[in-house]
Amino acid sequence: MNDSQLKAFIRAAELKSFTKAANAEKITTPTLIQKINLLELESGIQIFNRTHKGIELTAAGKVFYDASKKIIELSEKACQEARLIEKAELQKKVIRIGQTPEWFPQFFIKACEKFQNEHADIKLEFIPCHFIEHFEKIRKGEIDMGLLSKPSASYLQDLDFTLLKKSTCAFCMNNAHPLAKKSFLSGKELKNARVLCGMAEYMESTFESALSPFCPNLTIEKANFDSNKVMRHIMNGELYVVTSEGTDYYEGLLTVVPSKIPIGNYGIVHKKEISQELSDFMATIRLFIA
Numbered sequence: 259m260n261d262s263q264l265k266a267f268i269r270a271a272e273l274k275s276f277t278k279a280a281n282a283e284k285i286t287t288p289t290l291i292q293k294i295n296l297l298e299l300e301s302g303i304q305i306f307n308r309t310h311k312g313i314e315l316t317a318a319g320k321v322f323y324d325a326s327k328k329i330i331e332l333s334e335k336a337c338q339e340a341r342l343i344e345k346a347e348l349q350k351k352v353i354r355i356g357q358t359p360e361w362f363p364q365f366f367i368k369a370c371e372k373f374q375n376e377h378a379d380i381k382l383e384f385i386p387c388h389f390i391e392h393f394e395k396i397r398k399g400e401i402d403m404g405l406l407s408k409p410s411a412s413y414l415q416d417l418d419f420t421l422l423k424k425s426t427c428a429f430c431m432n433n434a435h436p437l438a439k440k441s442f443l444s445g446k447e448l449k450n451a452r453v454l455c456g457m458a459e460y461m462e463s464t465f466e467s468a469l470s471p472f473c474p475n476l477t478i479e480k481a482n483f484d485s486n487k488v489m490r491h492i493m494n495g496e497l498y499v500v501t502s503e504g505t506d507y508y509e510g511l512l513t514v515v516p517s518k519i520p521i522g523n524y525g526i527v528h529k530k531e532i533s534q535e536l537s538d539f540m541a542t543i544r545l546f547i548a
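Note that my numbering has the sequence shown beginning at 259, numbered continuously upward.
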């Protein structure tokens, strides 16, 4: 049973003629009759009495007619309202944000919630991309911004970087690790630890340069971020280092211990010329920086 069948039935009931109904629906009479027959078969009721004088609704058909009218009215109303919503969505201005594998820090999520509550006419769209993919996507206009550690000049080139905060290293480990009971880690306590870090070649201040003075057992993972691989290293007793802004992704699953070891600046990468909408969004983000 579908709208096409119901509309053919309603038209026939109102015109009391299959031929007239078929003409009104711009279909052949056999096609309309086929729709009616199929409707009766699927519903399990006879909705028309057919005589040599024409057609008329049965008692059940009259009930079915009233219900069918309501169904079609509701269907058309639903489509109309959905089209209006779709049109409004298409007319919204969009800020496209690069989404890294480690998701976003809590302050940014709160900023998004506030901004959306205050700017219903602007849509925030999140587009997954790896850290180093942000730069080309911003240049091509595929995204408008990315939350990243400050890039080196060779990656930033013609783009701009807006500082949000200073960043430090944090260390993820399994709950049984001897350092898991620490509330804070110093460089001295990392001397005997096995530490894994991402290559993060785009960063102006890399993990390797920040940790080499403290960690003789430092392993640099050159491949793209792989959460399964990271978890295997951690379960084998290694520490995995992230920026202080990337801890939310791991907290709850692992023990994450902060440090004061600096790892450069954290902020927003974007084009030099930005829209007023993006400028307003960046202002909202800054409200949530401690």
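All C-beta atoms, glycine included, are put in the ideal place defined by N, C-alpha and C.
How far does the beta strand (DSSP E) with residue i in it extend, from its first residue to its last?
| i | result |
| --- | --- |
| Glu-531 | Neither: Glu-531 is in no beta strand (DSSP E) and is coded neither H nor E. |
| Leu-405 | 403 to 407 |
| Thr-286 | Where Thr-286 is concerned, there is no enclosing beta strand (DSSP E), given that its DSSP letter is neither H nor E. |
| Ile-313 | 312 to 315 |
| Leu-454 | 453 to 456 |
Have a look at the options and flag the residue whose alpha-carbon is nearest the alpha-carbon of residue i.
| i | options | result |
| --- | --- | --- |
| Gln-415 | Leu-422, Met-431, Ile-396 and Thr-277 | Ile-396 |
| Arg-354 | Leu-536, Arg-341 and Ser-326 | Leu-536 |
| Leu-422 | Pro-474, Phe-442, His-435 and Ala-369 | Ala-369 |
| Lys-518 | Asp-484, Glu-447 and Ile-478 | Glu-447 |
| Leu-332 | Leu-264, Pro-359 and Ile-526 | Leu-264 |
| Ser-444 | Pro-471, Met-461, Ala-458 and Asp-418 | Pro-471 |
| Pro-436 | Ile-492, Glu-479 and Thr-464 | Ile-492 |
| Arg-452 | Ile-285, Lys-328, Lys-381 and Met-431 | Met-431 |
| Asn-433 | Tyr-498, Glu-391 and Lys-408 | Tyr-498 |
| Pro-520 | Ala-266, Ala-468 and Lys-328 | Ala-468 |
| Phe-322 | Gln-374, Asn-486, Glu-339 and Glu-298 | Glu-298 |
| Lys-480 | Ile-390, Ile-385, Lys-372 and Leu-342 | Ile-390 |
| Leu-454 | Ser-485, Val-527 and Gly-356 | Ser-485 |
| Lys-408 | Cys-473, Thr-464 and Glu-334 | Thr-464 |
| Glu-394 | Leu-382, Asp-418 and Asn-475 | Asp-418 |
| Asp-261 | Glu-334, Gln-374 and Glu-383 | Glu-334 |
| Phe-442 | Pro-516, Lys-284 and Gln-374 | Pro-516 |
For the alpha helix (DSSP H) containing residue i, name the first residue and the last one.
| i | result |
| --- | --- |
| Arg-308 | First-last for Arg-308: 306 to 309, but that is the beta strand (DSSP E), not the alpha helix (DSSP H). |
| Ala-411 | 411 to 414 |
| Lys-424 | Note, Lys-424: premise wrong, no alpha helix (DSSP H); beta strand (DSSP E) at 418 to 431. |
| Leu-264 | 261 to 273 |
Residues in its own chain within less than 8 Å of residue i by CB, not counting five upstream and five downstream?
| i | result |
| --- | --- |
| Phe-366 | Leu-405, Ile-543 and Phe-546 |
| Leu-296 | Gln-263 |
Expressed to the nearest angstrom, what Euclidean distance is found between the alpha-carbon atoms of residue i and residue j?
| i | j | result |
| --- | --- | --- |
| Ile-291 | Ala-270 | 9 Å |
| Ile-500 | Arg-490 | Contrary to the premise, residue 500 reads as Val rather than Ile in this sequence. Their Cα atoms are separated by approximately 16 Å. |
| Ser-533 | Met-461 | 26 Å |
| Ala-378 | Val-352 | 11 Å |
| Lys-328 | His-310 | 30 Å |
| Ala-411 | His-392 | 14 Å |
| Gly-302 | Met-259 | 11 Å |
| Asp-538 | Glu-376 | 11 Å |
| Ile-478 | Met-457 | 6 Å |
| Lys-350 | Gly-495 | 49 Å |
Tell me which same chain residues have a C-beta within less than 6 Å of the C-beta of residue i, skipping the five on either side of it?
| i | result |
| --- | --- |
| Thr-505 | Ala-428 and Val-514 |
| Asp-402 | Ile-353, Arg-354 and Leu-536 |
| Tyr-524 | Ser-407, Leu-422, Lys-423, Ser-425 and Glu-503 |
| Asn-475 | Arg-452 |
| Ala-318 | Ile-303 |
In chain order, what residues of the same chain lie with their CB nearer than 7 Å to the CB of residue i, ignoring the 5 residues before and after it?
| i | result |
| --- | --- |
| Lys-204 | The shown model of the chain, from 259 to 548, leaves out residue 204, and the question about it has no answer. |
If you measure from the beta carbon of residue i to each beta carbon in chain D, is any gap under 8 Å?
| i | result |
| --- | --- |
| Leu-315 | Note that chain D does not occur in the displayed structure, where there is just one protein chain. |
**Item:** Contained beta strand (DSSP E) runs [length at least 3] in the stretch 461 to 498, N- to C-terminal order
**Value:** 476 to 479
**Request:** At 4 residues or longer, and completely inside the stretch 343 to 403: list those alpha helix (DSSP H) runs for me, N to C.
**Result:** 364 to 376 and 392 to 398
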